[in-house]
Amino acid sequence: MKYDKLPSRIFQTHRQQLAEMMEDDAVLLLFSNDIMPRSGDQSYPYCQQADMFYLTGIEQAETVLMLCPRHANAQLREVLFVQAPEASKQMWNGDTLTISQAQAISGINHVRYISDMNQITRETLLSTDKIYFDIPENVRQTCVVEDANMRNAKHYMSLYPLHPVLRLAPLMQYLRARKSDDEISLISQACQITAETYMDMLACVKPDVPEYVLEGEIIKGFLSRRATGCSFAPIVATGKNACTLHYTANNSTCKDGELLLVDMGAEYAHYAGDLSRTVPVNAKFTPRQKEVYTACERVFRYARTLYVPGMSINKIHQRVCIRMQQELINLGLFTEQDVHNETYPFECVHRYFMHGVAHFVGLDVHDAGNKDMTLDYGMVLSCEPGIYIPEENTGIRIETVMQVNDEPIDLMPQVPLSADEIETYMNQ
Ligand SMILES: [Mn+2]
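Residue numbers (my numbering): 68 to 495.
(1) Can you give me the start and stop residues for the alpha helix (DSSP H) that C114 sits inside?
(2) In or out: V149 buried (at least 16 other Cβ within 10 Å) or exposed?
(3) Does any heavy atom of ligand 1 sit closer than 7 Å to the C-beta of D201?
(4) Answer yes or no: the CB of H138 versus the heavy atoms of ligand 1, is any distance below 7 Å?
(5) Ignoring anything shorter than 4 residues or poking outside the region 355 to 408, list the alpha helix (DSSP H) runs there in chain order.
(6) If you draw a straight line from the C-alpha of E250 to the C-alpha of Y338, how long is it?
(7) Using CA atoms only, rank isn't needed, just tell me which of L95, A139 and I181 is closest to E129.
(8) Considering Cα atoms alone, identify which of M391, Q83, D118 and M421 is closest to L97.
(9) Should S225 go down as buried or exposed, given a rule of 16 or more other Cβ atoms within 10 Å for buried?
(10) Between which two residues does the beta strand (DSSP E) containing I463 stretch?
(11) Give the C-beta separation of A171 and L134 to the nearest angstrom, bearing in mind that I take them to be a contact with Cβ-Cβ under 8 Å.
(12) If you count every other CB in all the chains shown that lies within 10 Å of the CB of R464, and 16 or more means buried, which is it?
(13) Determine the direct distance from the alpha carbon of A350 to that of Y49, and round the result to whole angstroms.
(14) With C450 as the anchor, note down where its beta strand (DSSP E) starts and where it stops.
(15) Between the beta-carbon of E488 and the beta-carbon of S343, is there less than 8 Å?
(16) Within the 8 Å Cβ cut-off, does M378 reach chain B?
(17) Determine whether the beta carbon atoms of T345 and L326 lie at a separation below 8 Å.
(18) In terms of residues, what are the limits of the beta strand (DSSP E) holding S106?
(19) Leaving out the 5 sequence neighbours to the left and right, which residues in its chain are closer than 6 Å to V406 when beta-carbon positions are compared?
(20) Quick check: the region 242 to 249 against the region 75 to 94, are there 3 or more CB pairs under 8 Å?
(21) Ignore the nearest five residues each way along the sequence and tell me which others in C258's own chain have a CB closer than 6 Å to its CB.
(22) For Y496 and R293, which I take to be in contact (beta-carbon distance under 8 Å), what is that distance rounded to the nearest angstrom?
(23) Spatial neighbours of Y335 within its chain, please: C-beta separation below 8 Å, excluding the five flanking residues on both sides.
(24) Using only the alpha-carbon positions, how far apart do C310 and N318 sit?
(25) Under 6 Å Cβ to Cβ from A333, same chain only, skipping five residues before and after it: list those, please.
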């Protein structure tokens with residue numbers, strides 16, 4: 068692996084915390100992601116199911132975790148199944164984990180080959196009342212492709228139709244939203260790689276440079292700093308492209324006099340970074356660009372102070388919208404009277420700031436957690452106000468990653484922020 072080996076205590080702690088939340092007489096069957104076909108005989112780079120990584124640290128396919136924390140037979144409380152070595156596969160793909168390597172990574176004593184799974188799960192299920200399954204519950208995505216956990220849930224439900232089933236997702240959402248110190252240092256590492264790469268990339272920003280050249284600099288910067296890759300596809304958007312929130316075509320050319328918006332994140336040891344910044348292509352803001360930029364910067368500086376225990380994403384967003392409304396009125400984008408005539412709150416604001424100001428960040432860049440969850444120590448979220456004015460060819464987003472604290476902590480404080488800092492940095 069590219070990253071420093073993680074201590075198994077990270078995963079042991081996660082399993083212990085989950086065990087405390089699980090119902091008595093219940094067993095969890097958790098399946099690794101499938102290898103996703105691309106075209107012909109090619110597959111996409113393998114991506115482990117996030118909860119599987121969170122609970123075991125195992126990165127390979129054909130892995131199953133069975134947890135039955137209060138089973139009378141101690142041998143059945145925690146069992147990990149991994150694929151057995153196969154000479155023909157090893158010739159092409161390299162070695163798979165041995166039993167002892169899987170034990171060392173996960174901290175699980177009872178590691179067996181997957182061929183033993185049917186017998187061991189049968190013995191456990193017939194002596195247990197309920198089964199937890201981890202079917203996908205992301206509010207932002209319903210996928211037409213059935214994943215391994217959904218497929219196996221249906222399979223086991225048909226084999227054991229009299230066992231009530233339970234949802235794992237709410238438990239994982241609760242746990243994964245609260246990061247340990249180990250996890251926070253991994254996210255910080257991903258953020259450090261992201262920030263350094265961004266600041267190096269700025270040296271290449273100038274009129275007539277294509278967006279994809281900057282995308283290349285980002286990927287090169289990430290990989291050479293030991294990132295596993297990108298936590299999401301980089302957005303490199305000049306001028307009006309920045310008003311497409313998830314613009315990833317990156318095939319235009321940066322023009323003199325335009326602003327450039329970059330939204331990028333490295334992935335280190337499966338944990339995500341997430342950074343957005345906006346700079347003038349020619350290293351000098353026009354007076355109007357500076358006016359809009361500094362309005363967004365003021366909202367950003369204010370928003371960062373709100374990542375304290377007791378808040379929630381929805382509460383932060385509400386306060387940021389109030390502040391944003393005043394800034395947008397001052398920019399002449401709408402009037403107090405327009406606000407008075409709104410059919411729903413912040414209708415005018417939403418024309419120019421149409422996305423949320425925060426999401427959880429962790430194993431997924433948009434990590435487990437919901438918008439009404441009360442923020443607590445150990446939570447990590449993005450902070451990303453933006454102002455988008457297509458008629459002025461302008462899209463601005465300023466984003467960092469914040470750790471919730473009495474004094475909220477910006478995990479990328481080194482990145483130039485004020486218009487003056489940006490111009491000085493780009494001209495040096
Ligand atoms: Mn983000």
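Even glycine gets a Cβ: it sits at the ideal position worked out from N, Cα and C.
With the structure as the only source:
(1) Note, C114: premise wrong, no alpha helix (DSSP H); not H, not E.
(2) buried
(3) no
(4) no
(5) 380 to 397 and 403 to 407
(6) 8 Å
(7) I181
(8) D118
(9) exposed
(10) T461 to R464
(11) Going by Cβ atoms, the distance from A171 to L134 rounds to 19 Å, so no, they are not a contact pair.
(12) buried
(13) Residue 49 cannot be examined here, being either before or after the span of the chain that is shown, 68 to 495.
(14) V447 to C450
(15) no
(16) No chain B appears in the structure shown, which is made up of a single protein chain.
(17) yes
(18) P104 to S106
(19) C415
(20) yes
(21) G340, V468, L478 and M479
(22) Residue 496 is absent from the model: the chain starts at 68 and stops at 495.
(23) Y70, L253, Q256, A257, I260, R293, A294 and T295
(24) 15 Å
(25) A257, I260, T261, F289, A294 and G340
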